[in-house]
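Enquirer:
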Amino acid sequence: MGIQLIGSGGVTATNNGSITTSGDFAPGISVSGTNSQAIVNGVVSTSGDSSYGVNAFGLGTSVTHNGTINTSGPNASGILVDGLDSKAIISGRVFSALGNAIEFASVADNELRLLPGTVLQGGLVFGGGTDTLNVANGLSLHYTFDKAPDILNTNGAPSLVQGNVVDVIDTTSFAHIDNSLDALLAGTFNMLAKPKTSNANAEENPNALGYAQSPTNKWPEGADWQAEDHSRVWANGFAGLQSNNASGSATQANTVFGGGVIGVESMLDPEFTAGAFVGFGAAQLSTPGNTQTVDAKGQYAGLYGQIGGHIDLAITGGVLQHTSSRQILNNLAATGIETVTADFNGYFVAPEVTFNLLETDFGGKPTRTSLRGRYTFQHIDGYTENGADSILTVGARDVHALDTRLKVEADLVNDNETLVTARAGVDGQFNWGANSVTANLLGTNLTFDPGGAPISGSAFVGLTANKQLNENTNLYFDTELTSGTAHGFGITAQAGFKSSF
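Residue numbers (the UniProt record's numbering): 1 to 501.
1. Which full runs of the beta strand (DSSP E) of 3+ residues lie inside the segment 4–63, going along the chain?
2. Can you tell which of Pro149, Tyr143, Ala136 has the C-alpha that lies nearest to the C-alpha of Gly127?
3. Assign Leu419 to buried or exposed, taking buried as 16 or more other Cβ atoms, counted over all protein chains shown, within 10 Å of its Cβ.
4. Would you list the residues sitting across from His230 in a DSSP beta bridge?
5. Take Asn100 as the anchor and find which of Thr376, Ser51, Gln429, Ser456 has the nearest alpha-carbon.
6. Since His65 sits in a beta bridge, which residues does DSSP pair it with?
7. Output needed for Ile307: all residues of its chain with C-beta closer than 8 Å, excluding positions within five of it in sequence on either side, in chain order.
8. What's the C-alpha gap between Ala334 and Ala282?
9. What separation, rounded to the nearest whole angstrom, lies between the Cα atoms of Val168 and Ala157?
10. In this structure, does DSSP put His142 in helix, strand or coil?
11. Out of Gln4, Gly53, Leu5, which has the shortest C-alpha to C-alpha gap to Ser22?
12. Can you tell which of Val135, Phe460, Leu112 has its C-alpha closest to the C-alpha of Leu80?
13. Can you give the Cα-Cα distance for Ser173 and Leu475, rounded to whole angstroms?
14. Could you check whether Gly428 and Asp403 sit closer than 9 Å to each other, using their CB atoms as the reference points?
15. Do Gly279 and Tyr300 have their beta-carbon atoms positioned less than 9 Å apart in this structure?
16. Taking only three categories from DSSP, how would you classify Ala186?
17. Determine, using beta carbons only, whether Thr171 and Gly451 come nearer to each other than 9 Å.
18. Using a Cβ-Cβ cut-off of 7 Å (strictly less than) and excluding sequence neighbours within five positions of Arg251, which residues of its own chain qualify?
19. Measure the Cβ-Cβ separation of Ser106 and Gly73 and say whether it is below 9 Å.
20. Following the continuous alpha helix (DSSP H) through Ser173, name the residue where it begins and the one where it ends.
21. Is the distance from the Cβ of Ile39 to the Cβ of Gly78 below 9 Å?
22. Strictly under 9 Å for the Cβ-Cβ distance: is Ala333 near chain B by that measure?
23. Val437: buried (16+ other C-beta within 10 angstroms of its C-beta) or exposed?
24. I believe Gly187 touches Gly259 by the beta-carbon criterion, under 8 Å. Please report the beta-carbon distance rounded to the nearest angstrom.
25. If you run the structure through DSSP and keep just helix, strand and coil, what is Thr492?
26. Looking at C-beta atoms only, is the number of pairs between the segment 117–136 and the segment 367–375 that lie closer than 8 Å three or more?
27. Comparing C-alpha positions only, which one of Thr479, Gly387, Ser45, Gly10 sits nearest to Gly58?
28. Work out the CA separation of Leu185 and Ala401 for me, nearest whole Å.
29. Which word fits Ala410, buried or exposed, when buried means at least 16 other C-beta atoms lie within 10 angstroms of its C-beta?
30. Among Thr316, Leu329, Phe277, Leu241, which one has its Cα closest to the Cα of Gly490?
31. Is Leu192 helix, strand or coil by DSSP?
32. Closer than 8 Å is the cut-off here; do at least three beta carbon pairs connect the segment 354–361 with the segment 379–396?
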């Protein structure tokens with residue numbers, strides 16, 4: 001026997017190391033007495049007949065398991081709890097080769113609480129009484145019990161009970177999948193919204209960097225203007241990281257993304273510049289521990305224009321290819337985990353308008369204020385997952401979003417060769433159509449809200465540095481930091497060039 005504690009007033013046995021026993025009736029940890037506790041943070045291994053990993057006896061006893069339990073002998077449950085009003089709280093791994101992973105021996109009320117990190121392999125026995133199963137958000141499971149729980153609490157996640165089998169679906173990837181497209185669009189449109197400079201030198205040299213960014217400044221009176229003299233080609237690459245906060249039944253997730261855009265533009269007259277671009281990008285949404293991932297690849301094209309330095313217009317559309325992977329806990333699977341995958345496509349269109357509202361001088365620095373609005377329509381195809389006993393089919397859906405941005409930017413450095421601008425402001429996002437997912441699980445139709453915030457806000461700061469290499473070419477670098485209610489912390493970096501021809 002490893003550790004044995006007996007007490008009438010409640011005892012606590014805590015394991016932070018490694019316990020190994022061999023031989024019959026040799027549990028790793030045994031506690032007995034009213035309100036006794038066993039806490040496993042380390043590793044417990046047993047190999048004999050009826051040699052439980054942990055057993056706890058008495059009224060109100062509890063087992064809290066955060067480590068790893070392995071039992072290989074016959075009749076050797078990983079965790080055995082025997083007492084009225086007892087509970088097992090699991091966020092670790094339990095493997096029972098020839099017994100039950102979790103067993104409640106009492107016929108009274110018991111609670112099994114499953115937290116992120118749980119992996120169970122072996123039987124699940126409630127015994128009798130009114131038994132409760134609590135499943136924390138962030139878990140997808142297909143668990144087979146000796147009998148179905150009398151009370152099932154999934155904290156808002158969709159679930160299905162068929163006989164003695166309980167299924168729960170983690171909604172995180174459904175709630176945050178549209179953030180991959182948001183990140184790619186932001187990387188593209190933020191590049192189009194390069195600083196509008198008030199560079200006085202532009203009136204003397206129309207090829208000065210400040211002028212080349214936009215037609216905010218008037219063409220010099222009497223100058224010989226030709227559209228073909230003011231066409232440019234440009235290219236831009238971007239990459240970033242965006243965290244997505246927990247909301248509803250969806251847990252926190254992260255999106256990493258990157259892409260590239262190339263385009264051409266021409267000043268058709270002194271008051272109007274028009275351009276076109278094509279781009280590609282990739283993004284990955286992942287949950288902590290990679291229990292869910294969604295990889296997205298996109299190709300898109302668009303048009304944009306700047307009217308008189310006061311209105312910027314842009315529109316883009318494209319296609320997306322998704323590959324999703326999701327871990328499902330299954331106590332009858334050899335490893336306690338099954339992985340399901342799916343491939344599905346989608347498409348999107350996103351028009352945007354920016355109003356350049358005000359140009360002022362603040363502390364000796366030229367300062368500009370703008371207001372932007374972007375609508376995004378995204379269609380996500382339906383799909384059927386592969387690779388598990390619990391087959392999930394998800395219906396197609398349409399997602400809509402309205403993004404707004406109020407921005408103030410100022411020139412920090414502004415001369416013929418260098419332009420450095422700083423910006424700050426607030427973003428607002430309004431989503432609709434994303435709060436309803438239709439699915440079919442094991443022949444049963446389900447409709448559920450995946451979570452995610454319908455209204456969110458964030459603040460941002462950014463810096464852009466431009467360097468003119470010669471009268472035709474300039475380079476730029478841009479970075480932006482964001483923090484908000486739904487998207488948490490984000491960082492984006494961009495670099496590119498623009499060259500006249």
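Positions of the beta carbon are idealized from the N, C-alpha and C atoms, including for glycine.
Expert: Looking at the coordinates:
1. 12–15, 18–21, 29–32, 37–40, 43–46, 54–57
2. Pro149
3. buried
4. According to DSSP, which records beta bridges pairwise, His230 is partnered with nothing at all.
5. Ser51
6. Val40, Ile90
7. Glu271, Phe272, Leu313
8. 34 Å
9. 7 Å
10. strand
11. Gly53
12. Leu112
13. 37 Å
14. yes
15. yes
16. helix
17. yes
18. The amino acid at residue 251 is misidentified as Arg; the sequence shows Thr. Cβ neighbours of Thr251 beyond the five flanking positions: Asn137, Gly138, Thr172, Thr287.
19. no
20. 172–176
21. no
22. No chain B appears in the structure shown, which is made up of a single protein chain.
23. buried
24. 6 Å
25. strand
26. no
27. Gly10
28. 12 Å
29. buried
30. Leu241
31. helix
32. no
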